[in-house]
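Chains as they are written, first to last, in this note's numbering: chain A, 2 to 289; chain B, 752 to 964; chain C, 2 to 405.
For every residue, glycine included, the Cβ atom is placed at its ideal position computed from N, Cα and C.
Have a look at the structure below before the remarks.
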Amino acid sequence: MSSTAKEERRGLVDRLKDIDRRIIFIFIAAAVVIPLLRPIGMPLKSSPPSRALYQEIDNLPRGSVVLMAFDYDPATDVELGPMSLAILKHCFLKGHKVVGLALWAQGAGLARASFSEAARGFSVEYGVDYVNLGFKPGGLVVIDSLGKSFDRSFPKDIDGRPIEELPLMRNIKTYADIDFVLGLSAGDPGLPFWIMIAQGRYGKKVGGGCTAVSAPMLYPYFPNQLVGLLGGMKGAAEYELLMDAKGAATKGMDAQSIAHAAIVLFVLIGNVFFFVSRGREKRGGAQI
Amino acid sequence: MRREIPLIITFVCGLAMIAQFFIPHSPFGGVKDYFQQSYMIIAAFAMLLGIGNLTKLHVGKISEKRPQWGYSVVLLAGLLGMTIPGLFIGGIKEGTIFDFLFKNAFVPMSSTMFALLAFFVASASYRAFRARTVDAALLLIAGFVVMLGRAPIGDYLTWFMPEGWQMSDYANWIMEIPNTAGQRAIMMGAALGVVATSLRVIVGIERSYLGGE
Amino acid sequence: MLTPVSRMCCRPLSVPVQILFLAVTIMTAGVSLGVGTSSSGVRPGPPVNPSVGDRPNDAGSAIEITWEASFDDSRGRGIVNSYSIFRSTEAVSGFANVATINSGRERYQFVDEAVEDGRRYFYKIVAETGSGAFSEPGVIGPIISSAQWFHSDRYSMLWALIVVSTSVLIFISLARKGKELYIRPIAGLQAVDEAVGRATEMGRPVLYVPGILDMDDVQTIAGVAILGRVARKTAEYETPLSVPVSRSVVMSAAQETVKEAYWDMGKPDAYRPEMVRYLTDDQFGYAAGVDGIMLRERPATVFFMGAFYAESLILAETGHSIGAIQIAGTAMTSQLPFFVTACDYTLIGEELFAAGAYLTEDPRLLGSLKGQDVAKGLAIAFIFIGVILESFGIHWLTDFLKVN
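So, in structure tokens, the structure goes:
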């Protein structure tokens, strides 16, 4: 091969090694959009932390009170929203009572939307079967204060109704009246605080859902301090699978699969070019 | 005295917070709640400082027509556009102007910023994940297994393997064992770092947060 | 104790009559104690194993009452609706209802916080049915609540605190006396000077991002501490500095830090308050704001020092796209991979907290690092010992180290 051709090839390899990232963005966009428009239907399997959470909620006696914390915002609603829906539907199916609250300001509104959607198709009544206490700032302080009094921390619900007017809340005064704590969290304040206080101090069983990026940080708590954990959209899809009710998370799995595969492919290609380039440099150095 | 008084306050408050962890008896037991609530009140008022700083900076930019002052107009329009309806026109309940702007402007914009991560992960991975050494190669392989195993495609590609030996099972093992061990190690190291830094702040050796040395 | 009616008479009564009188006595006693059966209700079984105790490890004024479900509560006939708790300062009279708890569990616990320390209290727990029938009450007590001076479940933490603090203070003292302390090189910190110098040569600013949490987070304190050192360099080289912050309290602290740094370097005129600006508390709003600053001002050097969440990669990738040299430091384990991938240098975990000591070479700060290392060595030793003990089924070390 002529030296010009060799240099052209070398230039091509270097150019591909340092490809404009916008080209990568286009491929990723295609990898996400196309499966959403044309689903593939890849099979899904549940993982031990998801199964553990499902079993825990499934085994609660009928009428158990579940405290559900919506500690996330619209940015992470895509991962945690489907989780909240699936779990709420499970609770309503099993006849559990749900008390919702939020330590993130936007979480209260997202909780309202989740409750409204989950309640469709079940004969559940607000104030009797579920309650949304709304948002309270303070994070750890609020979680701790629930151990002393729900009334003092949340005197009114999200719509300003005094909680003593809500039949469900009449018998819920402290953690002693809660059977299970579930934290859906996208960051801080969130699940680690619920584990620290509700589980560590008050001995309540705590389960959780989190974004995929936080899941590695929370795995150490499973299964001792955290009885179950849903990680990211896949965790939500696993719960939908266990519930036998496909939702938004399951629909997103194909897109997530193809996007992950695309990233793996790009990394492999990048490494191929890297090794080719390095080999060329070594050969070029040896010749000199 | 300008430096001594804050240092004394830091020392006393630090000791009080340590004491309340071990001594439930009053007055120590109630110290934590008191300080935490005080901090929340201070932080809430401090937000006014922040908003004042922001407004002053951008109004100055607009009035002096400094470069890219147009963005300052957009910022102030957004600030007032959400604050005024939220405070004075219907509040923040469902169906108000604030709620409309929240659901149709703020929520999509937040989601868009978060969605950027998908693209940036791809470009960063392509650029940086190189098997330069044996360690890096092992890390890369683990990364591939977890990326594929945490999505249905992993099991799809290993359909022929027996139950319990598919990609998702390897991914779960990596997450539950080596990842957990590594995370715990970093957390413990960081926790000791927090303890040492806190001790330095409490006894007044670390003073940079007060300004200067 | 009820005196059998038969003993009050001179001559013995027949058994049927004794039984009749006993029945009447019991019914009368039941009425006088304020409990009884309704005309239609069946008396349920009482709560099982009721007990009272002073709530441990608290500030007083709290009594814990525990009991197990009545045999007629779900396990049995399921006729118990609720349990009522009565309290009095006397054993036989003056009982008032303090709480009613719904039935349906195996074990119950109620904490009575409306009590005074030092006073004797007696309790009765009564199971009630829907039709108004009550179980036979039994008095439990007396119990006195009190506050504790030490949390008995936290001895292990106290020992850990003493050991770590002693280790840190000893090494600080040794360092003050002039002992040479070796600290391993940290590439990210060695590059600070070079990074600021690069910005100066290119005539572009330095961007410093101190994280998105408030001053109550130790990572933010560490970030602001490093800001002070970086500000000294930018003051010395007269390089523009930009510090966008996410919290107002951090803004105040950062402004003071930067101002003091410029004053200390003899460049008070070079300091401008606009160097430190508040953007927004919202996570992605802040990320968008910082990205905008990066794309407009095109800093040559970017520092990310503090606590970050999901916005870390958005910031780091944007910084990379403008060709800036990036030095990051965080203890957020979930964000470290992103910084390692996208930045030129990354301080991992405790290296962020060591940075202040490293950059000043202050012996007291270096001493604290050594003390921290000794504590870490002890933690490693405990882990090894604990693993071996647990493997042989010996749990005393694990139990001792548990903190409630």
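Is the CB of residue i under 8 Å away from at least one CB in chain B?
i: residue 135 (chain A); result: no
i: residue 169 (chain C); result: yes
i: residue 264 (chain A); result: yes
i: residue 116 (chain A); result: no
i: residue 397 (chain C); result: no
i: residue 387 (chain C); result: no
i: residue 49 (chain A); result: yes
i: residue 56 (chain A); result: no
i: residue 45 (chain A); result: yes
i: residue 226 (chain A); result: no
Tell me the residue span of the beta strand (DSSP E) that contains residue i.
i: residue 306 (chain C); result: 302-306
i: residue 122 (chain C); result: 121-130
i: residue 207 (chain A); result: 207-211
i: residue 88 (chain A); result: Note, residue 88 (chain A): premise wrong, no beta strand (DSSP E); alpha helix (DSSP H) at 78-94.
i: residue 930 (chain B); result: Segment: none, residue 930 (chain B) is in no beta strand (DSSP E) and carries neither H nor E.
i: residue 69 (chain A); result: 66-72
i: residue 88 (chain C); result: 81-89
i: residue 327 (chain C); result: 326-331
Which word fits residue i, buried or exposed, when buried means at least 16 other C-beta atoms lie within 10 angstroms of its C-beta?
i: residue 215 (chain A); result: buried
i: residue 40 (chain C); result: Low local confidence applies: a pLDDT of 42 at residue 40 (chain C) is under 50, so the model's placement there is unreliable, with the coordinate-based value given in what follows. Answer is exposed; the Cβ neighbour count stays below 16.
i: residue 916 (chain B); result: exposed
i: residue 73 (chain A); result: buried
i: residue 193 (chain A); result: buried
i: residue 19 (chain A); result: exposed
i: residue 274 (chain C); result: exposed
i: residue 276 (chain A); result: exposed
i: residue 167 (chain C); result: exposed
i: residue 947 (chain B); result: buried
i: residue 88 (chain C); result: buried
i: residue 400 (chain C); result: exposed
i: residue 397 (chain C); result: exposed
i: residue 785 (chain B); result: exposed
Give a yes or no on whether 8 Å exceeds the smallest Cβ distance from residue i to chain C.
i: residue 193 (chain A); result: no
i: residue 168 (chain A); result: no
i: residue 804 (chain B); result: yes
i: residue 824 (chain B); result: no
i: residue 901 (chain B); result: no
i: residue 82 (chain A); result: no
i: residue 943 (chain B); result: yes
i: residue 76 (chain A); result: yes
i: residue 843 (chain B); result: no
Excluding sequence positions up to five away, which residues of its chain have a Cβ less than 7 Å from the Cβ of residue i?
i: residue 29 (chain A); result: 260, 263
i: residue 90 (chain A); result: 119, 244, 246
i: residue 155 (chain C); result: 404
i: residue 356 (chain C); result: 190, 223, 227, 330, 348
Near residue i, which residues of its chain fall below 6 Å by C-beta distance, leaving aside the five closest residues on each side in sequence?
i: residue 959 (chain B); result: none
Looking only at its chain, what residues have a beta carbon closer than 8 Å to the beta carbon of residue i, apart from the 5 residues adjacent to it on each side?
i: residue 234 (chain A); result: 79, 80, 83, 213, 250, 253, 254, 257
i: residue 173 (chain A); result: 66, 100, 151, 179
Under a CB-based cut-off of 8 Å, is residue i close to chain A?
i: residue 32 (chain C); result: Low confidence applies here, because residue 32 (chain C) scores a pLDDT of 41, under 50, leaving its location unreliable; read the following figure in that light. No, no contact with chain A.
i: residue 849 (chain B); result: no
i: residue 833 (chain B); result: no
i: residue 50 (chain C); result: no
i: residue 935 (chain B); result: yes
Based on the DSSP secondary-structure assignment, which residues constitute the bridge partners of residue i?
i: residue 68 (chain C); result: C:109
i: residue 163 (chain A); result: A:157
i: residue 54 (chain C); result: C:65
i: residue 135 (chain C); result: C:129
i: residue 127 (chain A); result: A:131
i: residue 278 (chain C); result: C:245
i: residue 786 (chain B); result: Bridge partners of residue 786 (chain B): none, in fact.
i: residue 177 (chain A); result: DSSP lists no partner for residue 177 (chain A).
Along the chain, where does the alpha helix (DSSP H) that runs through residue i open and close?
i: residue 761 (chain B); result: 755-773
i: residue 193 (chain C); result: 188-203
i: residue 368 (chain C); result: 364-392
i: residue 904 (chain B); result: 903-908
Using a C-beta to C-beta distance shorter than 7 Å, which residues of chain F count as neighbours of residue i?
i: residue 25 (chain A); result: The structure shown has no chain F; the protein chains it does contain are A, B and C.
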